[in-house]
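**Q** Right, I'll just put the structure down here and ask away after.
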Amino acid sequence: MKKTITVRTNSAVYGIFIGPGITGSLNSFFRASGRPDSAFIISSPRVFGLYGREITGELKTSGVNDIATGIFGDGERNKSMPNYECLLGKIIDFESGKQKQTTIIALGGGVVGDMAGFVASTYRRGVPCIQIPTTLLAAVDSSVGGKTGIDIKRNGSIIKNIAGTFYQPSAVFINTGFLGTLPESQVLNGLSEVIKYGVIRDHGLFDFIGKNRDRILNRESGVLAHIIHRSCSIKKDVVEKDEKETRNVRTILNYGHTVGHAVESASGFRYSHGQSVAIGMVCEAEISAKLGVLSREKCLRIRELIESTGLPVKIKGCSIEKIMGIMKHDKKFREGKNKFALPSDIGKVVVKTDIPERVIKSVLAGAVS
Ligand SMILES: NC(=O)c1ccc[n+]([C@@H]2O[C@H](COP(=O)([O-])OP(=O)(O)OC[C@H]3O[C@@H](n4cnc5c(N)ncnc54)[C@H](O)[C@@H]3O)[C@@H](O)[C@H]2O)c1
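See below:
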């Protein structure tokens, strides 16, 4: 049941280890790669309460006895500069007077992973970071690929991920057992990204989700390991070709995200990231069908799969003008030009630019209720 993926980018080579109880392999990983002198675990109160003891115990068994923790509050508003500075301060105090190299351990969802990655990449110009994602979204997306970051508050608004780095982890351990305590809403949040991988690259994964919806929502370990493995393999492939998003390859991961990000902001984050991406995928498939890139039948199949999982396909309580206004500030809409990753089939995607505004508006008009 245990699966391994090796990611090879220009800046790093690392393993993604997937399976129930996989964090029990930290010991052999450290033995093979060199045991760190000390570890600093970054986590949230909820996740550390659930799994902190287990991870601390694994580290001790691995011979890492000098361990400290930096716990910060849950939620996007805590992926902040004050918390970043506070964590750096705690590591400085932890290392004070020691001649040791600390490894950062990120134990939590995407908020923890992004923050811990950013701390690791900037502290002393970079220390090793091991990602232990505990949400489905973090497992299939944020823990892999090296994007780190925090949000900055400006004029009363939160600007997401505006301070960040590309910094690959030293390893990613995805313990599917840890996903057993996730609320269903969080499973759906991550499942939205898994559907995206199916649409852009993997017809088999798309079909698998349709047939195994209940087993996924019941958090069956083997089923989760399969969809995580497929998703991470696709992300690995894209990231290896375009580590720093400079070659237009990583753009395909944005399917559903151009409209999705705008819906997320326009709703004041009432829609979660996964829900917004689900709506975005439906809208962008519709744009693709209107342009004649995707057949009507495939467009309907995408919509039906998303709807059948329980994710939303309609936008409630946001105006088209607000969504369009936010989309125009998106980097994918630079200099008045837009750029969309659009499905041309299930498992295939194309990047299209300069889509007429009237097409986008008419699709949004059909999606807003
Ligand atoms: N770096 C990237 O490439 C990338 C990609 C996508 C998203 N992100 C970022 O990820 C963040 C969202 O991550 P998220 O969706 O994981 O949300 P999250 O980190 O806020 O976690 C969601 C909730 O789940 C709880 N939780 C986590 N693991 C749990 C478990 N095993 N059992 C019970 N509860 C658990 C957390 O305490 C939290 O309340 C955003 O900040 C987004 O910007 C980054």
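FYI, in the working numbering the residues of the sequence shown are 1410 to 1778. Beta carbons are placed, not taken as given, at the ideal position from N, Cα and C, and that holds for glycine. As the structure is a prediction and not an experimental result, all values here were calculated from the model.
What span of residues does the beta strand (DSSP E) with residue 1752 cover, start to end?
**A** 1748 to 1754
**Q** Distance, Cα to Cα, residue 1571 vs residue 1559?
**A** 7 Å
**Q** Identify every run of the alpha helix (DSSP H) within the region 1579 to 1616, keeping only runs that are complete inside it and at least 4 residues long; order them along the chain.
**A** As far as the region 1579 to 1616 is concerned, its whole alpha helix (DSSP H) runs of at least 4 residues are 1593 to 1610.
**Q** Looking at C-beta atoms only, is the number of pairs between the region 1479 to 1499 and the region 1544 to 1564 that lie closer than 8 Å three or more?
**A** yes
**Q** When you compare each of 1683, 1588 and 1731 to residue 1541 by their alpha carbons, which one comes out closest?
**A** 1588
**Q** Just to check, is the beta-carbon of residue 1376 closer than 7 Å to a non-hydrogen atom of ligand 1?
**A** Because the chain spans 1410 through 1778 in this model, residue 1376 falls outside it and cannot be assessed.
**Q** Bridge partners for residue 1516 per DSSP, in chain order?
**A** 1452 and 1541
**Q** Can you give me the start and stop residues for the alpha helix (DSSP H) that residue 1732 sits inside?
**A** According to the DSSP assignment, residue 1732 belongs to the alpha helix (DSSP H) that extends over 1729 to 1738.
**Q** Can you give me the Cβ contacts of residue 1582 inside the same chain, cut-off strictly under 6 Å, excluding the 5 residues immediately before and after it?
**A** 1426, 1431, 1432 and 1541
**Q** So, under 8 Å CB-CB, residue 1665 and residue 1686 are touching, yes? Tell me the CB distance rounded to an integer number of Å.
**A** 5 Å
**Q** Put residue 1415 into one of helix, strand or coil per three-state DSSP.
**A** If DSSP states are grouped into helix, strand and coil, residue 1415 belongs with the strands.
**Q** What would DSSP say about residue 1559, mapped onto helix, strand or coil?
**A** strand
**Q** Sorry if obvious, but does the Cβ on residue 1669 come closer than 7 Å to a heavy atom of ligand 1?
**A** no
**Q** Compute every distance between the C-beta of residue 1595 and the non-hydrogen atoms of ligand 1, then say whether any falls below 7 Å.
**A** yes
**Q** Quick check: residue 1574 and residue 1530, are their CB atoms within less than 8 Å of each other?
**A** yes
**Q** Alpha carbon to alpha carbon, how far is residue 1730 from residue 1392? Give it in angstroms, no decimals.
**A** Lying outside 1410 to 1778, the shown extent of the chain, residue 1392 is not represented and no answer is given.
**Q** Got a sec, what are the start and stop residues for the beta strand (DSSP E) residue 1475 sits in?
**A** For residue 1475, the enclosing beta strand (DSSP E) covers residues 1475 to 1480.
**Q** Does the beta-carbon distance from residue 1700 to residue 1768 come in below 8 Å?
**A** yes
**Q** With DSSP collapsed to three states, give me the class of residue 1655.
**A** coil
**Q** Would you kindly work out how many angstroms separate the C-alpha atoms of residue 1625 and residue 1459, rounded to a whole number?
**A** 21 Å
**Q** Taking all protein chains shown into account, do 16 or more other C-beta atoms lie within 10 angstroms of the C-beta of residue 1781, making it buried, or fewer, making it exposed?
**A** Because residue 1781 is not part of the residues shown, which for the chain are 1410 to 1778, the question remains open.
**Q** Measure how close the beta-carbons of residue 1544 and residue 1526 come, nearest whole angstrom, since I'm counting them as under 8 Å.
**A** Rounded, the Cβ-Cβ distance is 15 Å, inconsistent with contact.
**Q** Please go through the same chain and pick out, in chain order, the residues whose beta-carbon is closer than 8 Å to the beta-carbon of residue 1721, but skip the five residues on each side of it.
**A** 1680, 1684, 1687 and 1688
**Q** Does the beta-carbon distance from residue 1773 to residue 1715 come in below 8 Å?
**A** no
**Q** Where does residue 1421 fall in DSSP's three states?
**A** coil
**Q** Verify the contact flag: residue 1543, CB atom, against every heavy atom of ligand 1, threshold strictly below 7 Å.
**A** Result yes, Cβ under 7 Å from ligand 1.
**Q** Using only the heavy atoms of ligand 1, determine whether one of them is closer than 7 Å to the beta carbon of residue 1666.
**A** no
**Q** Can you list, in chain order, the stretches of the alpha helix (DSSP H) that have 4 or more residues and sit fully within the region 1665 to 1693?
**A** 1666 to 1675
**Q** Less than 7 Å between the CB of residue 1468 and some heavy atom of ligand 1, yes or no?
**A** no
**Q** Is residue 1590 near ligand 1, in the sense that its beta carbon is under 7 Å from a heavy atom of that ligand?
**A** yes
**Q** Which class does residue 1717 belong to by DSSP, given the choice of helix, strand or coil?
**A** helix
**Q** Tell me the rounded alpha-carbon separation between residue 1586 and residue 1444.
**A** A direct Cα-to-Cα measurement between residue 1586 and residue 1444 gives close to 25 Å.
**Q** How should residue 1410 be labelled, buried or exposed, when 16 other C-beta atoms within 10 angstroms of its C-beta is the threshold for buried?
**A** exposed
**Q** What's the C-alpha gap between residue 1604 and residue 1548?
**A** 14 Å
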